[in-house]
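Novice: Mapping the sequence shown onto the numbering used here, position 162 (from 1) lands on 543, and the numbers just tick up by one.
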Amino acid sequence: MIFRAALFSASALALCACQNVSVQSDLDWSGRSEAPAPTIAQPAEFEGPGAEWRSRSQDEILARLNRPHREGRARNVIVFVGDGMSLGTIVASRILDGQNQGMSGEENYLPFEQWGHTALIKTYSENAQVPDSAATASAIHTGVKTHSGAISVYARDILEPCEGGPVPQTLVEMAEEHGLSTGIVSSARLTHATPATTYAHVTDRGWESDAALPDYAVAAGCTDIAAQLIGTRTGPYGDGLDVALGGGRAAFTTQDQGGQRRDRDLTAEWVSEGGIYVDDLAGFNALDADDDKPVLGLFTNSHLSYAIDRDPNEEPSLADLTEFAINRLSNDEDGFYLLVEGGRIDHAHHGANAARALNDALALAEAIETAQSMVDLDETLIIVTADHGHVFTIAGYPRRGNPILGLVRPPAPNLTDAETPPMPAGDGRPYTTLGYQNGGPLRPRGEDAEPLTDEIVMDPNYRQQSAMPMGSETHSGEDVIAFAVGPWAHLVDGTMEQNTLHHVITHAYGWSATAAMVEADDDDDEDDEDGDDD
């Protein structure tokens with residue numbers, strides 16, 4: 382996987398070197414169009430000390446001057462969620478990707494980092510300063526915040542949704558109601574928190590199968606998450622999910638089949654409702670994206686493998702699943718909504734295992750690059766974000782190009798990495814650039830503690846040390862980043878509440894009150910212009 386290391390290639394810079402640089406106009410929304418592109422003089426050519434940095438900065442300014450504000454109605458929306466993909470995770474992944482290509486790494490860009498619109502996203506939940514994935518993904522998919530542990534419900538009594546109480550509509554349900562095709566793809570279980578927020582309404586994210594329902598929930602008529610996914614086929618909104626690909630087979634199959642369920646085989650039910658079910662790579666490869674039957678793919682009993690552990694002869698990659706989903710959903714002339722989750726970034730961070738977290742972030746980046754190459758950005762809004770962060774840090778004053786997973790070695794003129802000894806911590810022993818505030822193994826103390834070596838820390842199984850030992854590393858309460866490209870991407874800007882991303886999406890589709898206000902304003906402008914012509 383190779384991502385561009387510079388904002389402009391030489392050919393792109395040559396293209397910018399014309400006398401006037403313009404951008405194409407976008408799809409109209411009731412006559413709405415872009416502002417005229419700025420006139421840009423020929424870029425300067427820099428020489429002497431600092432020329433490289435001045436040239437790079439000029440390239441970045443030119444790119445920003447030429448970014449269009451697409452204001453046509455979105456036909457499609459794709460949301461990529463890197464579960465636990467904090468800012469530190471993005472930076473470390475960017476460096477790792479660059480170093481994998483033979484660069485020092487810091488100058489690299491992941492594909493979505495070159496998009497024009499970004500925002501800081503506030504992740505707190507209704508009842509928690511530091512949230513979980515259920516509440517944060519629910520905010521994105523319903524437009525309202527809820528309490529931690531809850532899936533797409535209002536913050537209230539635990540049994541009220543089971544007893545017929547109101548629940549907020551999700552983006553998938555809204556898309557189905559508007560006649561669009563819908564899909565979910567995840568490297569986690571499809572019943573796990575983030576993908577579940579697209580189709581399920583439960584107050585406890587743990588209710589993934591009927592075997593997980595407590596007696597009081599059964600008595601109240603609660604339905605488990607897996608059954609709700611299958612239920613989208615006959616539910617109140619359209620014809621249900623068209624594509625659902627990921628892990629979590631056990632929640633859909635009976636105990637006799639090696640699964641968890643006590644009541645029935647949901648995969649057989651999916652097929653009986655006219656769908657296609659596959660559970661291995663051969664079945665996935667045999668799928669026809671032009672077949673309009675809904676597809677359920679469950680490739681493992683629990684989560685899919687981490688990216689660096691995946692056997693390509695046994696499991697499809699996240700990019701493979703994304704490519705099929707887009708091909709299948711694109712058959713709908715009315716458009717589609719697709720969620721793609723890189724779910725295992727979070728799991729690796731909880732285990733204080735940076736190597737697996739970063740490689741899963743790169744697997745998500747590959748899926749994003751695949752998606753971007755397949756769609757028309759004049760009609761497709763793509764948002765990349767995280768549900769929450771992790772207490773993951775990059776520290777220690779390492780030299781430029783220091784292996785991101787390695788020991789800290791300081792800048793040392795005229796010395797190679799091999800010649801530069803690791804920088805010692807206060808206890809006199811080496812330490813790594815990457816670490817965790819809590820969760821990992823506590824740094825050993827005492828004279829007999831074994832010092833870290835490059836061989837130890839570069840092993841993908843190495844767990845970074847932490848300041849506070851815990852059974853599982855925790856989420857962080859810091860803001861995460863959203864990146865956007867496509868129609869109305871410029872609404873992703875500044876610092877935003879997480880649930881506002883939902884409203885950006887409904888605005889882009891033209892479903893929201895704000896979209897109606899824009900259309901009304903455009904109609905008024907047209908009336909004024911007609912009056913001037915008389």
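Idealized CB from N, CA, C, for every residue including glycine.
Which residues bound the alpha helix (DSSP H) around Leu758?
Specialist: Stepping through the sequence shown from its first residue, residue 758 is reached at position 377. That residue, Leu758, is in no alpha helix (DSSP H); it is neither H nor E in DSSP.
Novice: By how many angstroms is the C-alpha of Ala863 removed from the C-alpha of Ile521?
Specialist: Here the question's residue 521 lines up with position 140 in the sequence shown. Here the question's residue 863 lines up with position 482 in the sequence shown. Looking at the two C-alpha atoms, the distance is approximately 11 Å.
Novice: Sorted by chain position, which residues of the same chain lie with C-beta nearer than 6 Å to Gly564's C-beta, five sequence neighbours on each side aside?
Specialist: Residue numbering aside, residue 564 sits at position 183 when the sequence shown is read from its first letter. Taken in chain order, the residues that qualify are Asp623, Val624, Ala706, Leu710, Leu719.
Novice: What did DSSP end up calling Arg445 once you bin it into helix, strand or coil?
Specialist: Residue 445 sits at position 64 when you count from the first residue of the sequence shown. Helix, per DSSP.
Novice: Of all the options Ala688, Asp808, Ile502, which has the alpha carbon lying nearest to the alpha carbon of Asp874?
Specialist: Reading the sequence shown from its first residue, position 493 is the one you call residue 874. Checked all of Ala688, Asp808, Ile502; the closest Cα to Asp874 is Ile502.
Novice: Name the DSSP bridge partner or partners of His498?
Specialist: Within the sequence shown, residue 498 is the residue found at index 117, counting from 1. Bridge partners of His498: Ala865.
Novice: Compute the Euclidean distance between the alpha carbons of Val765 and Asn457, then round it to the nearest angstrom.
Specialist: Working through the sequence shown from its first residue, we reach residue 765 at position 384. Working through the sequence shown from its first residue, we reach residue 457 at position 76. C-alpha separation (whole angstroms): 14 Å.
Novice: For Val599, does the count of other Cβ atoms within 10 angstroms reach 16, so buried, or fall short, so exposed?
Specialist: Numbered from its first residue, the sequence shown carries residue 599 at position 218. It is exposed - the Cβ of Val599 has fewer than 16 other Cβ atoms within 10 Å.
Novice: Rounded to the nearest angstrom, how far is the Cβ of Asp513 from that of Gly530, given a contact under 8 Å?
Specialist: Counting from one through the sequence shown, the residue named residue 513 turns up at place 132. Counting from one through the sequence shown, the residue named residue 530 turns up at place 149. Right, the Cβ-Cβ distance comes to about 6 Å (below 8 Å), so this counts as a contact.
Novice: Cβ of Ala592 within 8 Å of Cβ of Cys543?
Specialist: Your numbering for residue 592 matches position 211 in the sequence shown. Your numbering for residue 543 matches position 162 in the sequence shown. No, these two residues do not count as a Cβ contact at 8 Å.
Novice: Check whether the Cβ atoms of Thr575 and Ser562 lie closer than 8 Å to each other.
Specialist: Taking the first residue of the sequence shown as position 1, residue 575 is located at position 194. Taking the first residue of the sequence shown as position 1, residue 562 is located at position 181. Going by C-beta atoms, Thr575 is not nearer than 8 Å to Ser562.
Novice: Could you spell out the range, first to last residue, of the alpha helix (DSSP H) harbouring Gly479?
Specialist: In the sequence shown, residue 479 corresponds to position 98, counting from 1. From DSSP, the alpha helix (DSSP H) with Gly479 extends over 468 to 481.
Novice: Can you tell me where the beta strand (DSSP E) holding Leu720 begins and where it ends?
Specialist: Locating residue 720 in the sequence shown gives position 339, counting from the first residue. 717 to 723 is the extent of the beta strand (DSSP E) around Leu720.
Novice: On the three-state DSSP scale, how would you describe Leu408?
Specialist: Here residue 408 refers to the residue found at position 27 when the sequence shown is read from its first residue. With a pLDDT of only 33 at Leu408, under 50, the local geometry of the prediction cannot be trusted, and the value read off the model is given with reservation. Coil, per DSSP.
Novice: For the region 745 to 759 against the region 851 to 861, are there 3 or more C-beta pairs whose distance is under 8 Å?
Specialist: No: the two stretches stay apart, fewer than three of their Cβ pairs being nearer than 8 Å.
Novice: Would a C-beta distance cut-off of 8 Å place Gly621 and Pro675 closer than the cut-off?
Specialist: Working through the sequence shown from its first residue, we reach residue 621 at position 240. Working through the sequence shown from its first residue, we reach residue 675 at position 294. Cβ atoms of Gly621 and Pro675: closer than 8 Å.
Novice: Taking the C-alpha atoms as reference points, what is the distance between Asn783 and Pro802?
Specialist: On the sequence shown, residue 783 is found 402 positions in, with the first residue counted as 1. On the sequence shown, residue 802 is found 421 positions in, with the first residue counted as 1. Distance between the alpha carbons of Asn783 and Pro802: 12 Å.
Novice: Let me know the secondary structure DSSP gives Arg642 once reduced to three states.
Specialist: Residue mapping note: residue 642 aligns to position 261 of the sequence shown, counting from 1. Looking at Arg642 - three-state DSSP - the assignment turns out to be strand.
Novice: In the DSSP assignment, what are the bridge partners of Leu710?
Specialist: As a position in the sequence shown, residue 710 is number 329, starting the count at 1. According to DSSP, Leu710 bridges with nothing at all.
Novice: DSSP has Met839 in a bridge; who is on the other side?
Specialist: Start at 1 with the first residue of the sequence shown, and residue 839 comes out as number 458. Bridge partners of Met839: none, in fact.
Novice: What are the partner residues of Tyr817, as DSSP defines its beta bridges?
Specialist: Taking the sequence shown and counting its residues from 1, the one referred to as residue 817 is at position 436. The partner list for Tyr817 (beta bridge, DSSP) reads Phe773, Ser847.
Novice: Could you pull the DSSP bridge partners for Glu878 from this structure?
Specialist: Reading the sequence shown from its first residue, position 497 is the one you call residue 878. Partner(s): Lys503.
Novice: Skipping 5 residues on each side, what residues in its chain have a beta carbon closer than 8 Å to that of Thr895?
Specialist: Taking the first residue of the sequence shown as 1, we reach residue 895 at position 514. Answer for Thr895: His884, His888, listed in chain order.
Novice: Ordered along the chain, which non-local residues of its own chain (more than five positions away) have a Cβ less than 6 Å from that of Arg810?
Specialist: Along the sequence shown, one-based indexing puts residue 810 at 429. These residues qualify, in order along the chain: Pro832.
Novice: Considering just the uninterrupted stretch of the beta strand (DSSP E) at Ala625, what are its terminal residues?
Specialist: If you number the sequence shown from 1, residue 625 lands on position 244. It spans 624 to 628 - the beta strand (DSSP E) in which Ala625 sits, taken as one unbroken run.
Novice: For Thr766, list the residues DSSP reports as bridge partners.
Specialist: Numbered from its first residue, the sequence shown carries residue 766 at position 385. Val462, per the DSSP bridge assignment.
Novice: Determine the DSSP secondary structure at Ala569, reduced to helix, strand or coil.
Specialist: The count along the sequence shown starts at 1 and reaches residue 569 at position 188. In the structure shown, Ala569 sits in a strand (DSSP, three-state: E or B).
Novice: Starting from the C-beta of His871, find all residues in its chain whose C-beta is less than 6 Å away, skip the five residues before and the five after it, and write them out in chain order.
Specialist: For this step, residue 871 is matched to residue 490 along the sequence shown. Closer than 6 Å at the Cβ level, and outside the excluded window around His871, lie His450, His498.
Novice: Going by the beta-carbon positions, is the gap between Asp464 and Asp690 smaller than 8 Å?
Specialist: The residue labelled residue 464 in the question sits at position 83 within the sequence shown. The residue labelled residue 690 in the question sits at position 309 within the sequence shown. No; because the gap between Cβ atoms is not below 8 Å, this pair is not in contact.
Novice: If Ala963 sits next to Leu815, beta carbons under 8 Å apart, how far is it from one beta carbon to the other, in whole angstroms?
Specialist: This structure leaves residue 963 out entirely; the chain is present only between 382 and 915.
Novice: Any idea what DSSP makes of Ser514, helix, strand or coil?
Specialist: Indexing the sequence shown from 1 puts residue 514 at position 133. Here Ser514 sits in helix by DSSP.
Novice: CB His684 to CB Arg570, shorter than 8 Å?
Specialist: For this step, residue 684 is matched to residue 303 along the sequence shown. For this step, residue 570 is matched to residue 189 along the sequence shown. Yes, they are a contact pair.
Novice: What does the alpha-carbon distance come out to for the pair Tyr687 and Ser698?
Specialist: The residue you call residue 687 lines up with position 306 of the sequence shown. The residue you call residue 698 lines up with position 317 of the sequence shown. Answer to the nearest angstrom: the Cα atoms are 10 Å apart.
Novice: Use the C-beta contact count for Ser653: other C-beta atoms within 10 angstroms, 16 or more gives buried, fewer gives exposed.
Specialist: The residue you call residue 653 lines up with position 272 of the sequence shown. It counts as exposed.
Novice: Between Met466 and Ala742, which are expected to be in contact by the criterion C-beta below 8 Å, what is the C-beta distance as a whole number of angstroms?
Specialist: On the sequence shown, residue 466 is found 85 positions in, with the first residue counted as 1. On the sequence shown, residue 742 is found 361 positions in, with the first residue counted as 1. Indeed they touch by this definition, with Cβ atoms about 6 Å apart.
Novice: Note down the Cα distance separating Glu836 from Ile785, rounded to an integer number of angstroms.
Specialist: Mapped onto the sequence shown, residue 836 falls at position 455. Mapped onto the sequence shown, residue 785 falls at position 404. So the two alpha carbons sit approximately 14 Å from each other.
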